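Residues are numbered in our numbering as their position in the sequence shown, beginning at 1, plus a constant of 116. These notes concern the structure reproduced below.
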Amino acid sequence: MIQRSDAVEEPEDKKGQPGTSASSINTLKDAAWKIIKGDFDSSSKLYEIAASDSETDEMRDLAETMGMLSVKIEAREFSLEQKIEEIKSKNEQLEQAAKLQSMSGFLLSTTVILLSFYAILVSQILKTDWINSQIQTAITYGFVAGTGFVIFLYLRKYRFPLSYWGLTLNGSKRALIESILISIPVAAFVIGLKIYLINTPGNSFSGQDIFITTTTGVNLFLYLINSFVQEFICRGFVQNNAERMLTGKYKSFIAILTTSMLFGVVHMHLSGTTIFVTIFAGIFFGLLYLRNKTLVGVTVSHFILGELLFELGFIG
């Protein structure tokens, strides 16, 4: 009698193949949930399953696919975080720029009011009998020093970097050399112009000496300080603020022209020649400052050419 066996013989193609353990399936489940929650530390376990000889081919392929998916998602999240940080940084920069632009407008308006008040005050004082050149010089120096001190207090309060206003030695060597090299031919030109006017009848300089005034060491020192403070106000403060308020291709030149015209008007109580020379010198100094963004060179040039123009009688 033939007995039937209840055992089912395993197919030939399945014999000897590894099986899938419950722990491996649980590992895949845990890894999937962690990936969903943004935890990518389980990638190493996935690759261990993918490299295991005790797992089926399907399980190894699935583990490898999930591992690659985890790496790609992690990379994309990292890239997204970087983009978010960049956007935050740009927003902060835009907010800071808007704040600076608003403050620049306020400061520029305040400066214009102060300079207008100065021009009106001086023009009225000149109508009195007791005023003379020494008192006028004292008033001018006092106003310049007072304005510079107020601006300095403002900078100290809001803690702007000094380089923001041209108070830096970066590029100062180049600026100093350029200012001297440029000032020499300009000085030669104005001396030649004075000689020409002396020998040309029918003008206010006809018959004058080349140098009509003399100065002392103390006056030179005071004028050097005055030159620095004026450049700090004109270039470091007014021109910089005007340039930051404006937009467009020609904003720098417009800022230079605005500053030069403004300080030309401040000298309207003096002669027409002084106004013209002041405007022209303002444009020259503004362009010189624009090249290096430091007050070192432009202050030296202001001192050399300004003192020369006083000595020649073109201003004053």
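By construction, the Cβ of each residue, glycine as well, lies at the ideal position given by its N, Cα and C atoms. All figures in this text were calculated on a predicted structure; none of them were measured in a lab.
In angstroms with no decimal places, state the Cα-to-Cα distance between residue i and residue j.
i           : j           : result
residue 269 : residue 263 : 10 Å
residue 408 : residue 347 : 14 Å
residue 429 : residue 391 : 13 Å
residue 144 : residue 190 : 17 Å
residue 232 : residue 425 : 24 Å
residue 252 : residue 219 : 32 Å
residue 171 : residue 153 : 27 Å
residue 311 : residue 396 : 20 Å
residue 350 : residue 380 : 11 Å
residue 236 : residue 283 : 30 Å
residue 278 : residue 417 : 21 Å
residue 423 : residue 305 : 15 Å
residue 314 : residue 361 : 45 Å
residue 146 : residue 201 : 30 Å
residue 197 : residue 150 : 19 Å
residue 386 : residue 234 : 13 Å
residue 288 : residue 280 : 15 Å
residue 226 : residue 267 : 11 Å
residue 177 : residue 206 : 43 Å
residue 193 : residue 173 : 30 Å
residue 359 : residue 317 : 44 Å
residue 285 : residue 321 : 40 Å
residue 298 : residue 275 : 34 Å
residue 241 : residue 250 : 13 Å
Could you work out which residue in the options is closest to residue i when comparing CA atoms only?
i           : options            : result
residue 327 : 309, 318, 333      : 309
residue 415 : 215, 337, 195, 272 : 337
residue 363 : 331, 182, 214, 297 : 214
residue 353 : 222, 296, 418, 164 : 222
residue 255 : 155, 378, 342, 365 : 342
residue 271 : 151, 357, 207, 361 : 357
residue 187 : 227, 366, 160, 369 : 160
residue 376 : 274, 400, 340, 185 : 400
residue 239 : 382, 180, 318      : 382
residue 369 : 385, 394, 402, 320 : 402
residue 394 : 316, 164, 421      : 421
residue 185 : 155, 168, 169, 300 : 155
So for residue i, helix, strand or coil by DSSP?
i           : result
residue 337 : helix
residue 182 : helix
residue 236 : helix
residue 320 : coil
residue 171 : coil
residue 399 : helix
residue 293 : helix
residue 418 : helix
residue 362 : coil
residue 409 : coil
residue 284 : coil
residue 325 : coil
residue 356 : helix
residue 277 : coil
residue 430 : coil
residue 390 : helix
residue 384 : coil
residue 156 : coil
residue 248 : coil
residue 130 : Because residue 130 sits at a pLDDT of 46, beneath the cut-off of 50, its placement in the model cannot be relied upon, and the following sentence gives the value as read from the coordinates. The answer is helix: DSSP assigns residue 130 an H, G or I state.
Should residue i and residue j be called a contact, given that it needs their Cβ atoms to be closer than 8 Å?
i           : j           : result
residue 374 : residue 291 : no
residue 388 : residue 294 : no
residue 260 : residue 378 : no
residue 175 : residue 139 : no
residue 339 : residue 265 : no
residue 405 : residue 324 : no
residue 148 : residue 166 : no
residue 208 : residue 329 : no
residue 183 : residue 162 : yes
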